[in-house]
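Sequence lines, in order, name chains A and D.
Heads up: the first sequence is residues 1353 to 1463, going by our numbering.
Heads up: the second sequence is residues 50 to 162, going by our numbering.
Here the structure comes first, spelled out in structure tokens, and everything after it is commentary.
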Amino acid sequence: QKEVEQNSGPLSVPEGAIASLNCTYSDRGSQSFFWYRQYSGKSPELIMSIYSNGDKEDGRFTAQLNKASQYVSLLIRDSQPSDSATYLCAVNLSGYSTLTFGKGTMLLVSP
Amino acid sequence: DAGVIQSPRHEVTEMGQEVTLRCKPISGHDYLFWYRQTMMRGLELLIYFNNNVPIDDSGMPEDRFSAKMPNASFSTLKIQPSEPRDSAVYFCASSSGVYQPQHFGDGTRLSIL
């Protein structure tokens, strides 16, 4: 049973706060992890890739990977209303020939 | 560089009609993926190709769906006959490796009446 789990949300945060989005996965052997942002009515857009344990920062975004605990997180600092979107996590799970996507977490940033 | 290009952007047709969706991947990408997205089921992989060869079509819902990739720069997803439950957004994506990041087209919003 392939599993990439995300809380569907919505996660509501005020403007300027830190938004924390979480994703758990079922396979200890997974090596590739991606975060996508999808605005309503638009296509998924890649925002972060991470392959090693620890943190990876890109502007206001930080991806955190913990392979032992099988989770990957996305932190958005200084959240803006324009960050309001659905965030999809994608992971390569052993035994499956392509990436597996979670169902996404909806983030709402209020002014 | 041009991204993944899909056409049409919107398609509205009547039940029983044939529907053809088209995709041009990013040049140099060897993998092409077709997805369907609905509120209920999220993003579902239908089929993917490597070097124009279908590798995994286990996500194709039934025989009414078919996909082809006649060359490295073009793929089609066909539904014949179409049914109202096929209404969804269909995305095409491409990548340089099966576990590399996938880049999505703008999608085709399909409505079957």
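Glycine residues also receive a C-beta, built at the ideal position from the N, C-alpha and C atoms.
- Cβ neighbours of M1458/A within its own chain (closer than 6 Å, five residues either side excluded): G1361, P1362, T1438.
- The Cβ atoms of A1415/A and I1402/A sit closer than 9 Å to each other.
- Put simply, of I161/D, Q149/D, L162/D the residue whose alpha carbon is nearest the alpha carbon of L81/D is Q149/D.
- When the Cα atoms are used, K127/D and I54/D turn out to be separated by approximately 17 Å.
- Judged by their CB atoms, L162/D and V68/D are not nearer to each other than the 9 Å cut-off.
- In the DSSP annotation of this structure, the continuous segment of the beta strand (DSSP E) that includes N1418/A starts and ends at 1413-1418.
- Remark: fewer than three beta-carbon pairs, one from each stretch, lie closer than 8 Å, so the segment 1428-1435 of chain A and the segment 1448-1456 of chain A are not flagged as touching.
- When CB distances to chain A are screened at a threshold of 7 Å, the residues of the segment 90-101 of chain D falling below it are G91, L92, L94, Y97, in chain order.
- Judged by pairs of C-beta atoms under 8 Å, the segment 101-108 of chain D does not touch the segment 54-64 of chain D, as fewer than three such pairs exist.
- Short of 7 Å from the beta carbon of G1381/A, and not among the five residues preceding or following it, lie these beta carbons of its own chain, in chain order: S1446.
- Under the DSSP assignment, K1408/A falls in the beta strand (DSSP E) whose first and last residues are 1406-1410.
- Listed along chain D are G91, L92, each with a C-beta nearer than 9 Å to that of L1440/A.
- L1373/A sits close to C1441/A, with the two beta carbons spaced by under 9 Å.
- S1404/A and G65/D have their C-alpha atoms spaced approximately 49 Å apart.
- Cβ atoms of L70/D and Y84/D stay farther apart than 8 Å, at about 11 Å.
- Note on geometry: alpha-carbon atoms of F1453/A and N99/D lie some 19 Å from one another.
- A121/D is a Cβ neighbour of D79/D, given a cutoff of 9 Å.
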